[in-house]
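A.B. asks: Just dropping this structure here.
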Amino acid sequence: MAVQGASSCPRHGSVPITKRARAKRFWRRTLVVAAAVLALPALAGPALAMPTHPLHRTPEGGFEELMVPSSMGPIKVQVQWARHGGNAALYLLDGLRARNDFNAWTFETNALRQFAEDNVTLVMPVGGQSSFYTDWSAPSSSNGQKSTYKWETFLTEELPAFLEGYGVSRTNNAVAGLSMGGSAALALAAYHRDQFKHASSFSGYLNISAPGMREAIRVAMLDAGRFNVDSMALPWSPQWLRMDPFVFAPQLRNLPMYISASWGVPGPHDHPDGATGMFNTVNAVALEALSMMNTMSFIGRMDQLGIDAHYSLPVEGTHSWGYWQDQLADARPDILAALGAN
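Each residue of the sequence shown is one higher than the one before, starting from 577 at the first, in my numbering.
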């Protein structure tokens, strides 16, 4: 008959187990189990690398809004991550009336859908009205601006450094823009060849030193936020000439480019409705005609220098988003090829 507690007594021929021996046995077994657990990853295959950058809040191919630190204060940047986790990026620059809530490429066009299946991250900075995406000399003196625009610094130093933390390359980028953003795209690529492998200008002003252009830009900037062009760069100063694609054209040699402008003839995207619609269409015709004059001057300069680019110069088209959407779609194969993302 078993007696309660008899298991603690040694059976015939057994050796008493002391507390110290039991402790040693316990720790020996623990170490064996721990070693087996540590060996499991090696048996299963290579260990998974830990993430080296912040995790996206959305999956690959998803849309996200980031707040990026800058000398101008936090800047909102809208991104659509590369569909397959690639490191290439396309910067899409806005026009003169850039808003402070959204980059217009996200809602005026189908740009997000165009690149939805491509292995390239779309980078769409928000803000910069009338900035020409350059570093200004001083805050605008005509509208009480508090800080000085430093958009070139942001787009070529602060933003790439920030995005690098998310796995976006600092050297495998393209840049595209419309109107104000068109000339800015060429300037950014010309002076930062280590960053940009392709540049696209849609209806850009590519000879801003031509007679009358500075005053035309002055009027446009006053209308778009009451910004003073003299605070951006003094007349015909080195800083002003540095912004002119006609002047810095030699620095574009061997850079893949897509340059487009239309002749201002209303086409399939023009449907004026009422007096306001008619006024806007007439204005878009005039702006596009001016862009074409600038573009033709720029093309002549490029031909003189023997520099090639992909040109698109349709007859139909006004200064409006429907046509820029079409031009982006036309430029897309060139952009993807330059980035190795096709």
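Yeah, the Cβ is synthetic: ideal placement off N, Cα and C, and Gly gets one too.
Compare the C-alpha of A800 against each of D849, L688, G661, G671 and name the closest.
C.D. replies: Along the sequence shown, one-based indexing puts residue 800 at 224. The shortest Cα separation from A800 among D849, L688, G661, G671 belongs to G671.
A.B. asks: Would you check if the distance between the CB atom of V702 and the CB atom of V655 is smaller than 7 Å?
C.D. replies: Against the sequence shown, residue 702 aligns to sequence position 126. Against the sequence shown, residue 655 aligns to sequence position 79. Not a contact, by the Cβ cut-off of 7 Å.
A.B. asks: Ordered along the chain, which non-local residues of its own chain (more than five positions away) have a Cβ less than 7 Å from that of T682?
C.D. replies: Position 106 of the sequence shown, counted from the start, is the residue given in the question as residue 682. Closer than 7 Å at Cβ, skipping near neighbours: Q654, L688, M700.
A.B. asks: I think N807 touches W712, with their Cβ atoms under 8 Å apart; what is that distance to the nearest whole Å?
C.D. replies: Here the question's residue 807 lines up with position 231 in the sequence shown. Here the question's residue 712 lines up with position 136 in the sequence shown. Before going on, a small fix: residue 807 reads as Ser here, not Asn. Contact flag correct, Cβ pair sits at about 6 Å.
A.B. asks: On the premise that T697 lies in contact with A760, defined as a C-beta separation below 8 Å, what is that separation, rounded to the nearest angstrom?
C.D. replies: To locate residue 760, count along the sequence shown from 1; it is residue 184. To locate residue 697, count along the sequence shown from 1; it is residue 121. The Cβ separation is near 20 Å, so there is no contact.
A.B. asks: Less than 8 Å between the CB atoms is what I'm expecting for L764 and F874, so what's the real figure, rounded?
C.D. replies: Here the question's residue 764 lines up with position 188 in the sequence shown. Here the question's residue 874 lines up with position 298 in the sequence shown. The Cβ separation is near 16 Å, so there is no contact.
A.B. asks: What does L735 pair with, by DSSP beta-bridge criteria?
C.D. replies: Against the sequence shown, residue 735 aligns to sequence position 159. None; L735 has no bridge partner.
A.B. asks: By Cβ distance, which residues of its chain are closer than 7 Å to A620, with the 5 residues on each side in sequence left out?
C.D. replies: Taking the first residue of the sequence shown as 1, we reach residue 620 at position 44. Interpretation of A620 is limited by its pLDDT of 36, a score under 50 that renders its predicted location unreliable; no figure is taken from the coordinates.
A.B. asks: Have a look at the DSSP bridge pairing and note the partners of N830.
C.D. replies: Translated into positions along the sequence shown, residue 830 becomes position 254. None, per the DSSP bridge assignment.
A.B. asks: Out of P814, K652, V858, which one is the CA nearest neighbour of W727?
C.D. replies: Translated into the one-based positions of the sequence shown, residue 727 becomes position 151. Checked all of P814, K652, V858; the closest Cα to W727 is K652.
A.B. asks: Are the CB atoms of T724 and P715 within a distance shorter than 7 Å?
C.D. replies: Your numbering for residue 715 matches position 139 in the sequence shown. Your numbering for residue 724 matches position 148 in the sequence shown. For P715 and T724, yes; Cβs fall inside 7 Å.
A.B. asks: Would you decide whether S717 is buried or exposed? Buried here means 16 or more other CB atoms lie within 10 Å of its CB.
C.D. replies: Counting from one through the sequence shown, the residue named residue 717 turns up at place 141. Counting Cβ neighbours within 10 Å, S717 comes out exposed, since fewer than 16 surround it.
A.B. asks: Going straight from the alpha carbon of Q827 to that of R659, what length do you get?
C.D. replies: Taking the first residue of the sequence shown as 1, we reach residue 827 at position 251. Taking the first residue of the sequence shown as 1, we reach residue 659 at position 83. About 32 Å.
A.B. asks: Going by the DSSP bridge assignment, what does S777 pair with across the sheet?
C.D. replies: What you label residue 777 is simply residue 201 of the sequence shown in a count that begins at 1. Answer is G753, I835.
A.B. asks: Between the alpha carbons of L912 and V823, how many angstroms are there, rounded?
C.D. replies: Position 336 of the sequence shown holds residue 912. Position 247 of the sequence shown holds residue 823. Looking at the two C-alpha atoms, the distance is approximately 28 Å.
A.B. asks: Assuming N748 and A664 make a contact with CB atoms under 8 Å, what is their CB distance in whole Å?
C.D. replies: Stepping through the sequence shown from its first residue, residue 748 is reached at position 172. Stepping through the sequence shown from its first residue, residue 664 is reached at position 88. Confirmed, Cβ separation roughly 5 Å.
A.B. asks: So the candidates are S888, I883, F855; which of them puts its Cα closest to the Cα of M868?
C.D. replies: Indexing the sequence shown from 1 puts residue 868 at position 292. Ranking the options by Cα distance to M868, first place goes to S888.
A.B. asks: Using 7 Å as the threshold, is the C-beta distance between E791 and V841 below it?
C.D. replies: Translated into the one-based positions of the sequence shown, residue 791 becomes position 215. Translated into the one-based positions of the sequence shown, residue 841 becomes position 265. Going by C-beta atoms, E791 is not nearer than 7 Å to V841.
A.B. asks: Have a look at Y767 and P736 and give me their C-alpha separation to the nearest angstrom.
C.D. replies: As a working note, residue 767 is residue 191 in the sequence shown. As a working note, residue 736 is residue 160 in the sequence shown. In a straight line, the C-alpha of Y767 is about 15 Å away from that of P736.
A.B. asks: With which residues is M643 paired in a DSSP beta bridge?
C.D. replies: To locate residue 643, count along the sequence shown from 1; it is residue 67. K652, per the DSSP bridge assignment.
A.B. asks: So who's on the other strand from T697, going by DSSP bridges?
C.D. replies: Position 121 of the sequence shown, counting from 1, holds the residue named residue 697. T697 is bridged to A665.
A.B. asks: Report the three-state DSSP secondary structure of V959 (helix, strand or coil).
C.D. replies: Shown here, the chain extends from 577 to 918; a query on residue 959 therefore has no answer.
A.B. asks: Could you tell me the distance, in whole angstroms, from the CA atom of Y742 to the CA atom of M854?
C.D. replies: Within the sequence shown, the letter at position 166 stands for residue 742. Within the sequence shown, the letter at position 278 stands for residue 854. Straight-line Cα distance between these residues: approximately 46 Å.
A.B. asks: What does the alpha-carbon distance come out to for the pair Q771 and R746?
C.D. replies: Stepping through the sequence shown from its first residue, residue 771 is reached at position 195. Stepping through the sequence shown from its first residue, residue 746 is reached at position 170. Roughly 6 Å separates the two Cα atoms.
A.B. asks: Going by the beta-carbon positions, is the gap between V751 and A775 smaller than 7 Å?
C.D. replies: In the sequence shown, the residue the question calls residue 751 occupies position 175. In the sequence shown, the residue the question calls residue 775 occupies position 199. Yes, these two residues count as a Cβ contact at 7 Å.
A.B. asks: According to DSSP, simplified to helix, strand and coil, what is E791?
C.D. replies: Here the question's residue 791 lines up with position 215 in the sequence shown. Here E791 sits in helix by DSSP.
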